[in-house]
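All residue numbers for the sequence shown refer to the numbering used here, where the first residue is 213 and numbers rise by one. We treat Cβ as the ideally placed atom computed from N, Cα and C, and that holds for glycine.
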Amino acid sequence: MKLFPGIACNISGEGDWYMKYLIAILFLFVTIGAVAQKHDDRPVVQFTGVVHNADSTNVIVPYVSITNTSTHNSVGQSNYKGYFSFVAHEQDTLRFTCVGYGPVTVVIPSNVSNKSYTLQVSLKPQIINLPTFHVFPWATTDEFKKDFLAIKLADDDLEIARKNISRTSLVALGNVLPRDAQEIQTATAQGMHTSILNSHSLTPNPLLNPFAWGSLIKQITDADNKSSSN
């Protein structure tokens, strides 16, 4: 006598589902194991070598990334002397990459003797031309407009010539530059002419000249006014 016929039927259905699920998982493990066994059947090779510059064998390329694309992209690296050594399988595809060099792909051959394979890998230098980038000292366009409006234009040739022959510039140059031969000759001739004129008369004394005193008083007054204004 069945007291709970619906429950018994449900348990039987769930048992069939679990059985199918276990069979599927078992089949998956068997398949993966077969593929792994097939992969592991390939002979193991000790792959050793040195990476150098293709343009010069004396130049070593250090710290090169080595990617084994045949084994889920496992990555290795050469040392600072460009030397590398690791275990791989025959027919594995290895990709050598480094910044500043073009990539190189190497395939380990089959039937390697002594289970060891040595290779010198040559990387060709690669020049990458980046687009020109200009750095400006303005963070925003408003700062650029402000500096552009406040810019002082350079003097043209006419303005430069006008400043060079101004009285201030000539006086400053006269105080610094030495006299040339023509100026010395002119001063000497004027002195000789004055001496000849005064040779038969009394030499004029500036202290007795009222115009000289007036000029001196004017210079002192102008200097006082200038100092008080400053």
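Beta-carbon spacing of residue i, residue j below 8 Å
{"i": "Val257", "j": "Val324", "result": "yes"}
{"i": "Ile320", "j": "Phe259", "result": "yes"}
{"i": "Val318", "j": "Leu331", "result": "yes"}
{"i": "Ser282", "j": "Asp304", "result": "yes"}
{"i": "Ser322", "j": "Glu302", "result": "yes"}
Cβ-based neighbour list, residue i, same chain, cut-off 8 Å, excluding 5 preceding and 5 following
{"i": "Tyr275", "result": "Gln289, Ser290, Asn291, Tyr292, Cys310"}
{"i": "Asn443", "result": "What is shown of the chain runs 213 to 442, which leaves residue 443 out entirely."}
{"i": "Val333", "result": "Gly261, Val262, Val263, His264, Val276, Phe308, Val316, Val318"}
{"i": "Gln338", "result": "Gly312, Tyr313, Gly314"}
{"i": "Ser381", "result": "Lys375"}
Neighbour-count burial assignment, residue i, 16 or more Cβ in a 10 Å radius
{"i": "Phe423", "result": "exposed"}
{"i": "Asn280", "result": "buried"}
{"i": "Gly261", "result": "buried"}
{"i": "Leu306", "result": "buried"}
{"i": "Ala300", "result": "buried"}
{"i": "Ala220", "result": "In this predicted model, Ala220 has a pLDDT of only 47, less than 50, meaning its place in the structure is not dependable; the value taken from the coordinates is given anyway. That one is exposed."}
{"i": "Phe348", "result": "exposed"}
{"i": "Ile278", "result": "buried"}
{"i": "Ile223", "result": "Bear in mind that a pLDDT of 46 at Ile223, under 50, signals an unreliable position, so the model cannot answer this."}
Own chain partners of residue i with C-beta closer than 7 Å, once the 5 adjacent residues on each side are dropped
{"i": "Val273", "result": "Val263, His264, Asn265, Gly294, Cys310, Tyr313, Leu335"}
{"i": "Phe298", "result": "Phe259, Gly288"}
{"i": "Thr237", "result": "The sequence given here places Ile at residue 237; Thr does not occur at that position. Closer than 7 Å at Cβ, skipping near neighbours: no residue."}
{"i": "Phe216", "result": "Any reading at Phe216 must be qualified, since the residue scores a pLDDT of 44, below 50, and its modelled position is unreliable; the value itself is stated next. Excluding residues within five positions, none has a Cβ falling inside 7 Å."}
{"i": "Gln249", "result": "Only weak support exists for where Gln249 lies, its pLDDT of 48 falling under 50; the value from the coordinates is given anyway. Closer than 7 Å at Cβ, skipping near neighbours: no residue."}
{"i": "Asn270", "result": "none"}
{"i": "Thr398", "result": "none"}
{"i": "Lys438", "result": "none"}
{"i": "Ile429", "result": "none"}
Cutoff 6 Å; reference residue i; Cβ partners in own chain excluding five residues on either side
{"i": "His251", "result": "Caution is warranted here: a pLDDT of 49 is assigned to His251, below 50, making its placement in the model unreliable, and no coordinate value can be reported."}
*Please list the segments of the beta strand (DSSP E) lying wholly inside the segment 244–302, counting only runs of 3 or more residues, in order along the chain.*
If we require 3 residues or more, the beta strand (DSSP E) runs fully inside the segment 244–302 come out as 256–265, 277–280, 286–289, 295–301.
*Do the segment 348–364 and the segment 292–308 touch if we need at least three Cβ pairs shorter than 8 Å?*
With a cut-off of 8 Å, the segment 292–308 and the segment 348–364 do not count as touching, because too few Cβ pairs lie within range.
*asked:* Could you tell me which whole alpha helix (DSSP H) segments of length 4 or greater appear in the segment 331–413?
replied: Whole alpha helix (DSSP H) segments, 4+ residues: 353–361, 369–376, 379–388, 393–409.
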